[in-house]
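Data block below; observations after.
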Amino acid sequence: GWRIDQIDANINGWLRTYTPRTVLLHIGTNDVLQNYNVSGAPQRLSTLIDHITAAAPDADVFVATIIPLSNSG
Numbered sequence: 122g123w124r125i126d127q128i129d130a131n132i133n134g135w136l137r138t139y140t141p142r143t144v145l146l147h148i149g150t151n152d153v154l155q156n157y158n159v160s161g162a163p164q165r166l167s168t169l170i171d172h173i174t175a176a177a178p179d180a181d182v183f184v185a186t187i188i189p190l191s192n193s194g
């Protein structure tokens, strides 16, 4: 799946193509699973939100909580 940085790299193009009223972000799990600079994930998310609100100022932006992960078996 996509990490926060990958979504951020594409968000402006997507927001030029579509004019969302609502943006729901349920992201971060892939950053954790891929062990991709996990400590930097909150800052990457903040930057992504800034880019979304700048490109789509009328959209409502919601951020979901990462689903708890468990290691089974």
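In my numbering, the protein residues as written are 122 to 194.
Note that beta-carbon positions come from the ideal geometry of N, C-alpha and C, so glycine has one too.
Item	Value
Terminal residues of the beta strand (DSSP E) in which residue 146 lies	143-146
Opening and closing residue of the beta strand (DSSP E) in which residue 171 lies	Here residue 171 belongs to no beta strand (DSSP E); instead the alpha helix (DSSP H) covers 162-176.
Residue nearest to residue 152 in terms of C-alpha spacing, selected from 123, 138, 185, 184	123
Cβ shell of residue 159 (< 8 angstroms), same chain only, five flanking positions each side left out	152, 153
Inter-residue spacing [alpha-carbon to alpha-carbon] between residue 188 and residue 146	13 angstroms
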